[in-house]
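Heads up, my numbering is the position in the sequence shown plus 180, with the first residue counted as 1.
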Amino acid sequence: MEQPTQLPLFPLQGDQPQNNSRDTHLKDFGTFKDSLKAPVHSWFRYPAGYSYKFVDYMFSENGLGTGRWVYDPFSGTGTTLVCAKSKGINAVGIEAHAFVHWVASVKLYWAFDYVRLYQDINALIRHGRQFVAETMKTADTTGVFPELVYKCYHPQTLKQLYLLREFITQTPMDDHLRQLLKLALTDSLRDAAAAGTGWPYIAPNKNTGDKPPKDAVQIFEETLKKMCGHLYTVGKDAAASEIQNILGDSRQRQAIADHQIDLALTSPPYLNNYDYADRTRLETYFWGITQTWKDITQQYRDKLIVAATTQIVRGQYVVADALARTILELDSRTYEQIQQSVQELSKRRLTKGGKKDYDLMVALYFNHILEVLKETYRVLVPNAKFYLVLGDSAPYGVHIPTEQIIAQLAQAIGFREREFLEFRKRGGKWKNNPQRHNIELREGVLILTK
Ligand SMILES: C[S@@+](CC[C@H](N)C(=O)[O-])C[C@H]1O[C@@H](n2cnc3c(N)ncnc32)[C@H](O)[C@@H]1O
Numbered sequence: 181m182e183q184p185t186q187l188p189l190f191p192l193q194g195d196q197p198q199n200n201s202r203d204t205h206l207k208d209f210g211t212f213k214d215s216l217k218a219p220v221h222s223w224f225r226y227p228a229g230y231s232y233k234f235v236d237y238m239f240s241e242n243g244l245g246t247g248r249w250v251y252d253p254f255s256g257t258g259t260t261l262v263c264a265k266s267k268g269i270n271a272v273g274i275e276a277h278a279f280v281h282w283v284a285s286v287k288l289y290w291a292f293d294y295v296r297l298y299q300d301i302n303a304l305i306r307h308g309r310q311f312v313a314e315t316m317k318t319a320d321t322t323g324v325f326p327e328l329v330y331k332c333y334h335p336q337t338l339k340q341l342y343l344l345r346e347f348i349t350q351t352p353m354d355d356h357l358r359q360l361l362k363l364a365l366t367d368s369l370r371d372a373a374a375a376g377t378g379w380p381y382i383a384p385n386k387n388t389g390d391k392p393p394k395d396a397v398q399i400f401e402e403t404l405k406k407m408c409g410h411l412y413t414v415g416k417d418a419a420a421s422e423i424q425n426i427l428g429d430s431r432q433r434q435a436i437a438d439h440q441i442d443l444a445l446t447s448p449p450y451l452n453n454y455d456y457a458d459r460t461r462l463e464t465y466f467w468g469i470t471q472t473w474k475d476i477t478q479q480y481r482d483k484l485i486v487a488a489t490t491q492i493v494r495g496q497y498v499v500a501d502a503l504a505r506t507i508l509e510l511d512s513r514t515y516e517q518i519q520q521s522v523q524e525l526s527k528r529r530l531t532k533g534g535k536k537d538y539d540l541m542v543a544l545y546f547n548h549i550l551e552v553l554k555e556t557y558r559v560l561v562p563n564a565k566f567y568l569v570l571g572d573s574a575p576y577g578v579h580i581p582t583e584q585i586i587a588q589l590a591q592a593i594g595f596r597e598r599e600f601l602e603f604r605k606r607g608g609k610w611k612n613n614p615q616r617h618n619i620e621l622r623e624g625v626l627i628l629t630k
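In structure tokens form, the structure reads like this:
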């Protein structure tokens, strides 16, 4: 049997994130690219995430240090919270997707005794490898997973993954350690796949079955060792801070005092028909948390602000009334502006094969964003900034200037200044697709001041 290599006690210096200036990396601020290489941030590939460099940059631009408070109403896998924790800044993050929230919670636990962790992990890796080797011949994965999971893996690899899952869930160990192992296996799932499991969606048809099996045990071990090294890197000199990673709905009132927060920083779901609930399908199917589309809807989809047509049951709405009256009362011009797009989309959808509910998606999106803006306004200290990383969109060719509409709504509820800093243009890769609109889209940060 192949022996696992020992875990290095001290991580490589090359693992440390580099500090780059804003201008050099502006175009990547809205993407997860930099975070894929950074300690802890890289533990789960969540391209919906933004760059940790953006967060660090905004902390320093606003002079935010130890003892101050930051708020992220869409905290996802915890980029803002991890950045705050490493700088001793207090933070509150709200995330409504329970699996994504769990990822953040594992990324935020650094209180391991590093020497003990090193010993435990080496022992667990040894036992895990032995367990898989001994049970490989007799293990049977038939009927364990939903069909999609079988389509994504070579049967040999899936057996290894299944046995690792059993090993992690059944072996007695400290619970924080178990969560770390679970995340390491979660993050190994896409690397071990034979199918196209790159983001955003899984392409099981790309599993031709003619490639040799990948060694899932090896992938898992490497991931776990990397994570362990990162914990040492970040944990050794982080100042104490209070980090609240809350599973909740940022449209609702939070247990945060008025004027408690010095800076808010977030990236809301873009209005681009992206189904966040579907993003973790492979992972939640693998762990047996969900088995069907309906499970995913009930556990995740229904809890998120509307940004995709898959979240909408058309029969529940009257299109003309879908946009909230509160928007009309707050700012009738913005109401009219959104309502015109909603009406245009209601017409255009009838001429399209898919008849997508983009009209309702647009109306509901702004209803929901308004609630988040109000709650964020309440918790900020006067003069504090609220940064929102955003992109606009053009469903069925109707341009929705998301950043402009959100800025107008923000102003209507009391934010007094607004500015948009563009990171990059978007949508270029579909330029030659005749089915698509040719509206140039952009991504950047909307900066609001209370
Ligand atoms: C663009 S992502 C933010 C990712 C985050 N910056 C990170 O680094 O992982 C938007 C997130 O908002 C979450 N979300 C959607 N509706 C929500 C709600 N009502 N309350 C809290 N979070 C919500 C989604 O699940 C998603 O993870």
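Glycine residues also receive a C-beta, built at the ideal position from the N, C-alpha and C atoms.
From a predicted model like this one, the values you see are computed outputs, not experimental measurements.
Residue state for A590 is assigned as helix, using DSSP reduced to three classes.
Fully enclosed alpha helix (DSSP H) runs of no fewer than 4 residues occupy 456-459 and 461-466 of the region 424-471, in order along the chain. Secondary structure note for N547: its alpha helix (DSSP H) is the uninterrupted segment Y538 to V559.
Secondary structure at T260: helix, using DSSP grouped into helix, strand and coil.
By the neighbour-count criterion, in which a residue is buried when 16 or more other Cβ atoms sit within 10 angstroms of its Cβ, Q519 is buried. In this structure, the alpha-carbon of F279 lies about 26 Å from that of A420. About 20 Å separates the Cβ atoms of T556 and D572, ruling out a contact at the 8 Å cut-off. Annotated as proximal: V559 and I441, with beta-carbon spacing under 8 Å. In the three-state reduction of the DSSP assignment, K565 falls in the strand class, which pools E and B. For K605, the enclosing beta strand (DSSP E) stretches over residues E597 to R606. The three-state secondary structure of R225, taken from DSSP, is coil.
Relative to the Cα of K339, the nearest Cα in the group F311, L361 and H356 belongs to F311. The C-alpha of T489 is placed about 43 Å away from the C-alpha of M316.
Taking each of K391, G376, E509 and D438 in turn and checking the Cα distance to L462, the smallest one comes out for G376. In terms of side-chain proximity, the C-beta atom of L484 is found nearer than 7 Å to a non-hydrogen atom of ligand 1. Secondary structure at S231: coil, using DSSP grouped into helix, strand and coil. Three or more beta-carbon pairs drawn from the region 401-415 and the region 352-364 are found closer than 8 Å, and the two stretches are therefore classed as touching. In the structure shown, N618 adopts coil according to DSSP, grouped into three states. The alpha-carbon of Y538 is positioned some 11 Å away from that of L530. Taking a cut-off of 8 Å on C-beta distances, the region 320-333 does not touch the region 288-298, as fewer than three cross pairs fall below it.
Judged by beta-carbon spacing, F224 lies within the 8 Å limit of T366, meaning their Cβ atoms are closer than that value. Within a 10 Å sphere around the beta-carbon of Q478 sit fewer than 16 other beta-carbons, which makes this residue exposed. For the 8 Å CB-CB criterion, A372 and I348 do not form a contact. For N302, the enclosing alpha helix (DSSP H) has its first and last residue at Y294 to T315. Taken atom to atom, the span from the alpha-carbon of N452 to that of H548 is near 15 Å. With a threshold of 16 other beta carbon atoms within 10 Å, H277 meets it and is buried.
For the pair Q432 and Q424, the Cα-to-Cα distance works out to about 16 Å. Taking the Cβ of A419 as the reference point, every heavy atom of ligand 1 lies at 7 Å or farther away. DSSP places G268 in the coil class of the three-state scheme, outside both helix and strand. The C-beta of K605 has fewer than 16 other C-beta atoms within 10 Å across all chains shown, which makes the residue exposed.
Between F325 and Y465 the beta-carbon gap is near 6 Å, inside 8 Å, which marks them as a contact. C332 sits away from A364, with the two beta carbons spaced by 8 Å or more.
Residue pairing for W249: DSSP places it in a beta bridge opposite N270.
Within the same chain, W249, S421 and E422 come within 6 Å of N270 by CB-CB distance, once the 5 residues on both sides are set aside.
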